[in-house]
Structure formats: structure tokens, C-alpha cells
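Per the numbering used here, numbering of the sequence shown is gapless, rising by one per residue and ending at 150.
By construction, the Cβ of each residue, glycine as well, lies at the ideal position given by its N, Cα and C atoms.
Owing to the predicted nature of the structure, the values given are computational and were not obtained by experimental measurement.
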Amino acid sequence: LLPFEEGSMSVDFLGCSFSDHLNLILGAIFNVGGISVIVDSVFQDISSEASVVSSINNGTISLSTSCFVGISVDIPGTVFVDDSSTLNFNLDNFGSGNEGGNGTCNSIFDEGSGL
Numbered sequence: 036l037l038p039f040e041e042g043s044m045s046v047d048f049l050g051c052s053f054s055d056h057l058n059l060i061l062g063a064i065f066n067v068g069g070i071s072v073i074v075d076s077v078f079q080d081i082s083s084e085a086s087v088v089s090s091i092n093n094g095t096i097s098l099s100t101s102c103f104v105g106i107s108v109d110i111p112g113t114v115f116v117d118d119s120s121t122l123n124f125n126l127d128n129f130g131s132g133n134e135g136g137n138g139t140c141n142s143i144f145d146e147g148s149g150l
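Next comes the structure, spelled out in C-alpha cells:
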């Protein structure tokens, strides 16, 4: 394995539940240069300084059939993809009652695409 700052991982989150986490710093999933696949998972009642799911340093993230409810983050985006990373796919996800930094983005903030 490479050191954390160099990034290395490939993790599939299938049918996972992340709930009732308050005052997190890096969110529930923080992908640094790796590959994250999130399918049929629930993120509920989470507050964090960073997005609940983030991908940075040339990471790749794929999201499908997952639910984001009652999320409060300090930066834009319930999900954050930095300009060096890739949102591989975003299919049939659901979000409700989420708040992103100053109300600017409460869903996926893809820094590279400007969306």
C-alpha cells in the first residue's frame, strides 16, 4: 500500500448504511486517489465539515441507487469531486433535506465540470 498522501485504494460499498454521525471532519467516505463504488447505500442524518462523500487526487467515484437524507456539510456538495478526479457514473440516486455550504450546492459538486 502507498502512504495515505499518495493515495491508493479500491473499495466497493454495497448495501451500506451510514447514519447519525455528527461533527465529522472528512465525511463518511474520503477517497484519495483511489476508486470508490457506492451502490444501494444510505447516508442519513450526518453533519460534516467536508462533504459526506469526497474524491480527490485523481480519484474515481461511481454512485448508484443510493440515498442521501438529512445531510449538512460546510462546503458545497453532499458529494464532492475535485477537479483532478472523475465522477464515473451517477445513476438513480435520491437526496432530500440536504444542506451544502451556505446553501450553494446540496447534491453533487463536480469541481472539474463546474456543476
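Original post:
Where does D145 land, buried or exposed, given buried means 16+ other C-beta within 10 angstroms?
Top reply: Within the sequence shown, the letter at position 110 stands for residue 145. When all chains shown are included, D145 counts as buried.
**OP:** State the start and end residues of the unbroken beta strand (DSSP E) segment that holds C102.
**Re:** Numbered from its first residue, the sequence shown carries residue 102 at position 67. For C102, the uninterrupted beta strand (DSSP E) run begins and ends at 102-108, by DSSP.
**OP:** Go through the region 61-127 residue by residue and report every complete run of the beta strand (DSSP E) that reaches 3 residues or more, in order.
**Re:** Segments of the beta strand (DSSP E) lying fully in the region 61-127: 64-67, 70-74, 77-83, 88-91, 95-99, 102-108, 114-116, 121-126.
Subject >> Pick from I110, G130, E134 that is closest to L61, judged by C-alpha positions >> reply: Sequence index remark: in the sequence shown, residue 61 carries index 26 (1-based). Closest in C-alpha terms to L61, from the list I110, G130, E134, comes I110.
Original post:
For D47, which residues of its own chain have a beta-carbon under 6 Å away from its beta-carbon, when the five flanking residues on both sides are left out?
Top reply: Here residue 47 corresponds to residue number 12 of the sequence shown, with the count starting at 1. Residues of the same chain with a CB within less than 6 Å of the CB of D47, apart from the 5 flanking positions on each side, are V72 in chain order.
**OP:** Check N58 in the structure and name its three-state DSSP category.
**Re:** Indexing the sequence shown from 1 puts residue 58 at position 23. When secondary structure is reduced to three states using DSSP, N58 falls in the strand class.
Subject >> Other residues of its chain near F115: CB distance less than 6 Å, five sequence neighbours each side excluded >> reply: Locating residue 115 in the sequence shown gives position 80, counting from the first residue. Cβ-Cβ distances below 6 Å link F115 to S86, S89, F144 in the same chain, with the five nearest sequence neighbours on each side left out; the list follows chain order.
Subject >> Residue environment, T100, which counts as buried when at least 16 other CB atoms sit within 10 Å >> reply: Taking the first residue of the sequence shown as 1, we reach residue 100 at position 65. Burial check for T100: the Cβ neighbour count within 10 Å stays below 16, so the residue is exposed.
**OP:** Find the nearest neighbour of N92 within the set F65, T113, C102, S76, judged by alpha-carbon distance.
**Re:** Your numbering for residue 92 matches position 57 in the sequence shown. Nearest option by C-alpha distance: F65.
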